[in-house]
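Peer 1: So the sequence lines, in the order shown, correspond to chains A and B.
The first sequence begins at 1 in our numbering and counts up by one.
The second sequence begins at 1001 in our numbering and counts up by one.
By construction, the Cβ of each residue, glycine as well, lies at the ideal position given by its N, Cα and C atoms.
Note that the structure is a prediction, hence the values are computed from the model and not measured.
I have a structure here, written as structure tokens, and I will follow up with some questions on it.
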Amino acid sequence: MSQLNSKIPEGPLDKKWTNHKNNINLVNPANKRLIDVIVIGTGLAGGSAAASLAEMGYNVKAFCFQDSPRRAHSIAAQGGINAAKNYQNDGDSTYRLFYDTIKGGDYRSREANVYRLAEVSANIIDQCVAQGVPFAREYGGLLDNRSFGGVQVSRTFYAKGQTGQQLLLGAYSAMSRQIGKGKIKMYNRHEMQELVVVDGKARGIIARDLVTGELERHSAHAVVIASGGYGNVFFLSTNAMGSNVTAAWKIHRKGAYFANPCFTQIHPTCIPVSGDHQSKLTLMSESLRNDGRIWVPKKQEDAEAVRAGTLKPTQISEEDRDYYLERRYPAFGNLVPRDVASRAAKERCDAGFGVNKTGEAVFLDFSSAIERYGREKANVEGIENPSKDKVMALGKAVVEAKYGNLFQMYEKIVDDNPYETPMMIYPAVHYTMGGVWVDYNLMTTIQGCYAIGEANFSDHGANRLGASALMQGLADGYFVLPYTIGDYLADDIRTGAISTDSPEFDEAEKLVKDRIDHFMNNNGSKTVDHFHKRLGKIMWNQVGMARNEQGLKQAIEEIRTLRDEFWKDVRVPGSPDGLNPELEKAGRVADFLELGELMALDALERSESCGGHFREEAQTEEGEALRNDEDFTFVSAWEYTGDPGKANLHKEDLVFDNVELKTRSYK
Amino acid sequence: MKLTLKIWRQADPQAKGETVTYPVNDISPDMSFLEMMDVLNEELVNKGEEPVAFDHDCREGICGMCSMYINGEAHGPDRGITTCQLHMRKFKDGDTIYIEPWRAKAFPVIKDLVVDRNSFDRIMEAGGFVSVNTSGNTQDANAIPIPKEDADEAFDAATCIGCGACVASCKNSSAMLFVSAKVSQLALLPQGKVEAKRRVLNMVEQMDKEGFGNCTNTGACEVECPKGISLSNIARMNREYLSASLTAKD
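Here it is as structure tokens:
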């Protein structure tokens, strides 16, 4: 096994990034005009990177499969974005944000990367406000904050439940300005199909124009992958329907190592599955746990009655409710990190206390928050001895102002009024901490090929804290990659434009064409979704919230069989020469069928429990996760060998000089 | 539920489209409208026919990609939602449902229910931004306090998802609600005020170039807007535009 070079700069933790910036190579403004950079994906990471690189003078080509860069799935992020501003004077600092993130990630992330993330977090808020992002404000005109799971300070900036939307529209507007200037050439409705590597360096891509079906060759001096996470391997997830692993997987097949694929985040507060027709799951922002209390009935017979529809949750008295998070974790209560909250919900439901028809749901109740806010408001308005109805009406207005769009969303989907009866929630796949392995400069193991945002693995370890994904996406795109990419590109100023007329481009294009031809001529008997749903079931049952050796081995076998069947029997209708959504899906599911196996293999290899990865063999007597620092304080970086089941494992040892590895406790 | 769907099918931008009738059975009232379309498409593929192409992505009402004109209304009969948030419980067993793409000169059909909305992107490129470069030295985010009312009003305008329902609903195919939402958001914030005049002039010029119609204050856009963007934004844009036209220096 080779050693991976993470290129972490020398020096004390809080000086590493500054020193590194001072020492890396720069490209002068005139030379930047001679350099092309391809960016795949236009979410927070890709959009902010494309805009920043173009502002600096590089020629950027940006690609997205949606009809506009504004629709990337970052737009759906709800709750907020963390930054160590300490505006609330609650003792926050760069170090604390760093420490919370390392601890939240269960000590499976890189110290230097996480510290840098915390360091640039404050700049992000400044930048976004300057762009006209309308964050929530207090009456004094200053920015408001809320708190999120896994921390004890209020450092989350937000724009109602639409923070991702507002931040993405900020990045999109910065992109629009550069598109207007011609510094970014935007390719909407295009999907990257293959990476082109020339002399060991990433030099371009093959993209398919999804409208005409044409395969196009695009060359560049560097390729940046910002294509997001791979949660859709589970079929049902909170990701958008089109979210996929294809760009990341294609570079993996070309030599980029894939790190910690088994680290997936199952988010505790999603709307439960209602039936087999379900195409996706909807998240209810974690910010709801600020004010909502999670419970199930204490008595099994009450749970059964709720499931049968003969008992309403509001009829269950206070003493017959089990606020299990507050009971198990008094220090953090409803604000424990996501992995802990998800497993606790599963535990209660498995024990027979689940509450909707399927028995897979718990209550998220706002009645005490509505009352608390109502009393506060009554005081502010000077209403003496308000009636209960008045208090509730005032409280509802406050809750509506805070979470209105989330409550509306819930009501539209479930047809139930969450102001009157508690919401029902259940965990769902949401985010993937694993991803393409990158060094400190965010470069993959392919020269000149970078991965940023959710597509890389670097900052969240085994579990991501709430409001940290937006922070990482924008940190990578605005403040990290634009600097570090120069270090590599400084050697390319005399290279000149890269020709697309080369054997490497020919070969890559042929690979894509052959794959498309296979799908079109397969004459199989089952739809793409048929295979995707079956893959999802395997992943959710065996590689989901709890995993064990036998189940993982079984999953690997099942996925291999399913993959063979897919290639032999998938049916793709229509023509390749035009818009063909089934063909697009087929290509994505083909990659998920390989990734799924690697995830199971990675989970099998890591026989400890950490963060979102819970191995049933590694737990304490109370059912808490049992980490094994002695044997597993490393990043698993997998090298593709032609068969995902036979990938080579490389280990990057994680060194903790600044924090002490502790058992994560939220009790 | 059993339903009869009458869906606009058009092979490509040049093709002459037509309405095709499809019966669907076993539709659950808990399905979303797009899940109902998934059921139809699965059936069509199994029969060896080409599925209906439609735009969709997040399926939670925020990306703005889905765009169906259902029974003569953008995003269908419910209010304050996108097509993906419409549920089949809004329909009755035996209903006939007409499904068409957005219809506007500036939104040409690509295939079936999929239209090209890049005209919106080009309007944004003409001025929908604050000209500020990325820099780690921007002034502190709290350096300029912004009255909560202004920030909230800017936010309300900024929640536009760019779906185009306003254009599809308008008898003139006007894009005034979309453009005015962005103009308003940035005009209400001190960061956006600096170039407010240039912005409104450029964005309106581009809007006209794209072939969108004029606003005649009917208000259908506001009713059909999934995000409840207010008509008052159009009034604000008209005011901004008038003052900019009278006082702009170039």
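For A:Asp126, decide whether its Cβ has a neighbour in chain B, counting only Cβ atoms nearer than 8 Å.
Peer 2: Locating residue 126 of chain A in the first sequence gives position 126, where the first residue counts as 1. Cβ-Cβ to chain B under 8 Å: yes for A:Asp126.
Peer 1: Along chain A, which residues have their Cβ under 7 Å away from the Cβ of B:Val1045?
Peer 2: Taking the second sequence and counting its residues from 1, one reaches residue 1045 of chain B at position 45. Neighbours of B:Val1045 on chain A, chain order: Thr527, Arg571, Pro573, Glu582.
Peer 1: Grab the span of the alpha helix (DSSP H) containing A:Tyr172 for me, first residue to last.
Peer 2: Residue mapping note: residue 172 of chain A aligns to position 172 of the first sequence, counting from 1. Taken as a continuous stretch (DSSP letters only), the alpha helix (DSSP H) holding A:Tyr172 covers 163-181.
Peer 1: Indicate the three-state DSSP secondary structure (helix, strand or coil) for A:Met1 in the structure shown.
Peer 2: Numbered from 1 along the first sequence, position 1 holds the residue referred to as residue 1 of chain A. With a pLDDT of 45 at A:Met1, under the threshold of 50, the predicted position of this residue should be treated as unreliable, and no value is reported.
Peer 1: So, with DSSP's three-state summary, where would you put B:Ala1115?
Peer 2: Counting from one through the second sequence, the residue named residue 1115 of chain B turns up at place 115. Looking at the sequence provided, one finds Val at residue 1115 of chain B rather than Ala. Of the three classes helix, strand and coil, the one that applies to B:Val1115 here is strand, per DSSP.
Peer 1: Taking only runs that begin and end inside the segment 29-82 of chain A, name each unbroken beta strand (DSSP E) of 3 or more residues, in chain order.
Peer 2: Counting whole runs of 3 or more residues, the segment 29-82 of chain A contains the beta strand (DSSP E) stretches 36-40, 59-63.
Peer 1: Along the segment 1017-1033 of chain B, what residues have a CB closer than 8 Å to any CB found in chain A?
Peer 2: Correct list: Ser1028, Asp1030, Met1031, Ser1032.
Peer 1: Skipping 5 residues on each side, what residues in its chain have a beta carbon closer than 7 Å to that of A:Lys7?
Peer 2: As a working note, residue 7 of chain A is residue 7 in the first sequence. So the qualifying residues of the chain are Asp439, Tyr440, Asn441.
Peer 1: Since A:Glu688 and A:Asn548 should fall inside the 8 Å C-beta cutoff, what is the C-beta to C-beta distance between them, to a whole number of angstroms?
Peer 2: As shown, chain A starts at 1 and ends at 667. That puts residue 688 of chain A outside it, with no answer to give.
Peer 1: Please identify, using Cβ separations under 7 Å, the residues of the segment 85-102 of chain A that lie next to chain B, in order along the chain.
Peer 2: Residues Tyr87.
Peer 1: Secondary structure at B:Ile1070, three-state DSSP: helix, strand or coil?
Peer 2: Translated into positions along the second sequence, residue 1070 of chain B becomes position 70. Residue state, collapsed to three classes: strand.
Peer 1: Which residues does DSSP list as the beta-bridge partners of A:Gly435?
Peer 2: Within the first sequence, the letter at position 435 stands for residue 435 of chain A. Note: A:Gly435 sits in a beta bridge opposite A:Ala259.
Peer 1: For B:Pro1023, does the three-state DSSP call read helix, strand or coil?
Peer 2: The residue you call residue 1023 of chain B lines up with position 23 of the second sequence. Strand.
Peer 1: Leaving aside the five residues before and after A:Ala555 along the sequence, list all residues of the same chain whose C-beta is less than 6 Å from its C-beta, in chain order.
Peer 2: Here residue 555 of chain A refers to the residue found at position 555 of the first sequence. Excluding positions up to five away in sequence, the list reads Ile538, Gln542, Val543, Ala600.
Peer 1: So what's A:Ile124 in DSSP terms, helix, strand or just coil?
Peer 2: Along the first sequence, one-based indexing puts residue 124 of chain A at 124. Looking at A:Ile124 - three-state DSSP - the assignment turns out to be helix.
Peer 1: Within the segment 359-441 of chain A, note down every full beta strand (DSSP E) run reaching 3 residues or more, in order along the chain.
Peer 2: Listed in chain order, they are 362-365, 423-432.
Peer 1: Quick check: is the beta carbon of A:Asp415 nearer than 8 Å to any beta carbon in chain B?
Peer 2: As a working mapping, residue 415 of chain A is identified with position 415 in the first sequence. Cβ-Cβ to chain B under 8 Å: yes for A:Asp415.
Peer 1: Under a three-way DSSP split, which group does B:Ser1032 fall into?
Peer 2: For the purposes of this step, residue 1032 of chain B is taken as residue 32 along the second sequence, with counting starting at 1. B:Ser1032: strand per DSSP, three-state reduction.
Peer 1: Can you pull the chain A neighbours of B:Asn1133, defined as C-beta to C-beta under 7 Å?
Peer 2: To locate residue 1133 of chain B, count along the second sequence from 1; it is residue 133. Result: Glu55.
Peer 1: In whole angstroms, what separates the C-alpha of B:Pro1051 from that of A:Tyr373?
Peer 2: The residue given as residue 1051 of chain B occupies position 51 in the second sequence. The residue given as residue 373 of chain A occupies position 373 in the first sequence. Going from the Cα of B:Pro1051 to the Cα of A:Tyr373 covers about 50 Å.
Peer 1: Just to confirm the assignment: which complete alpha helix (DSSP H) runs, minimum length 4, are found wholly within the segment 554-605 of chain A?
Peer 2: Runs found: 581-605.
Peer 1: Does the beta-carbon of B:Ser1067 have 16 or more other beta-carbons within 10 angstroms, so that it is buried, or is it exposed?
Peer 2: Translated into positions along the second sequence, residue 1067 of chain B becomes position 67. With 16 or more Cβ atoms within 10 Å of its Cβ, B:Ser1067 is classed as buried.
Peer 1: If you reduce the DSSP assignment to three classes, tell me which class A:Gly231 lands in.
Peer 2: Position 231 of the first sequence, counting from 1, holds the residue named residue 231 of chain A. Helix.
Peer 1: Using a Cβ cut-off of 7 Å, which residues of the segment 1052-1065 of chain B contact any Cβ in chain A, in chain order?
Peer 2: Per Cβ criterion, the list reads Ala1053, Asp1055, His1056, Asp1057, Cys1058, Arg1059, Glu1060, Gly1061, Ile1062, Cys1063, Gly1064, Met1065.
Peer 1: So, is the C-beta of A:Asn123 closer than 8 Å to a C-beta in chain B?
Peer 2: For this step, residue 123 of chain A is matched to residue 123 along the first sequence. Yes, because at least one Cβ of chain B sits closer than 8 Å to the Cβ of A:Asn123.
Peer 1: Where A:Ala248 and A:Glu582 are concerned, what is the direct C-alpha to C-alpha distance, given to the nearest angstrom?
Peer 2: Counting from one through the first sequence, the residue named residue 248 of chain A turns up at place 248. Counting from one through the first sequence, the residue named residue 582 of chain A turns up at place 582. If you take the alpha carbons of A:Ala248 and A:Glu582, they lie about 20 Å apart.
Peer 1: Going by DSSP, what residues sit across from A:Ala222 in a beta bridge?
Peer 2: Locating residue 222 of chain A in the first sequence gives position 222, where the first residue counts as 1. Its beta-bridge partners are A:Val37.
Peer 1: Which residues in chain A sit within 9 Å of B:Val1200, going by Cβ to Cβ distance?
Peer 2: The sequence position of residue 1200 of chain B within the second sequence is 200, counting from 1. Result: empty, since nearest Cβ-Cβ is about 14 Å, beyond 9 Å.
Peer 1: Can you grab the Cα-Cα spacing for the pair A:Glu376 / A:Gln88, in whole Å?
Peer 2: Numbered from its first residue, the first sequence carries residue 376 of chain A at position 376. Numbered from its first residue, the first sequence carries residue 88 of chain A at position 88. Those two C-alpha atoms are separated by around 20 Å.
Peer 1: I believe A:Ala77 touches A:Gly477 by the beta-carbon criterion, under 8 Å. Please report the beta-carbon distance rounded to the nearest angstrom.
Peer 2: In the first sequence, counting from the first residue as 1, residue 77 of chain A sits at position 77. In the first sequence, counting from the first residue as 1, residue 477 of chain A sits at position 477. The Cβ separation is near 14 Å, so there is no contact.
Peer 1: Suppose you measure from the CA of A:Phe258 to the CA of A:Glu597; what does that come to, to the nearest Å?
Peer 2: The residue labelled residue 258 of chain A in the question sits at position 258 within the first sequence. The residue labelled residue 597 of chain A in the question sits at position 597 within the first sequence. Their Cα atoms are separated by approximately 13 Å.
Peer 1: Is there a Cβ from chain A that is less than 8 Å from the Cβ of B:His1075?
Peer 2: Residue numbering aside, residue 1075 of chain B sits at position 75 when the second sequence is read from its first letter. Not an interface residue.
Peer 1: Using the C-alpha atoms, what's the distance from A:Leu195 back to A:Lys21?
Peer 2: As a working mapping, residue 21 of chain A is identified with position 21 in the first sequence. As a working mapping, residue 195 of chain A is identified with position 195 in the first sequence. Whole-angstrom Cα-Cα distance: 29 Å.
Peer 1: Between the segment 92-110 of chain A and the segment 1108-1119 of chain B, are three or more C-beta pairs nearer than 8 Å?
Peer 2: Short answer: they don't touch.
Peer 1: Is B:Asp1038 close to chain A? Criterion is C-beta to C-beta, closer than 8 Å.
Peer 2: One-based indexing of the second sequence puts residue 1038 of chain B at position 38. Output row for B:Asp1038: interface = yes.
Peer 1: Would you kindly check if the distance between the Cβ of A:Ile38 and the Cβ of A:Lys61 is under 8 Å?
Peer 2: Here the question's residue 61 of chain A lines up with position 61 in the first sequence. Here the question's residue 38 of chain A lines up with position 38 in the first sequence. Yes, the pair counts as a contact, with Cβ atoms nearer than the cut-off.
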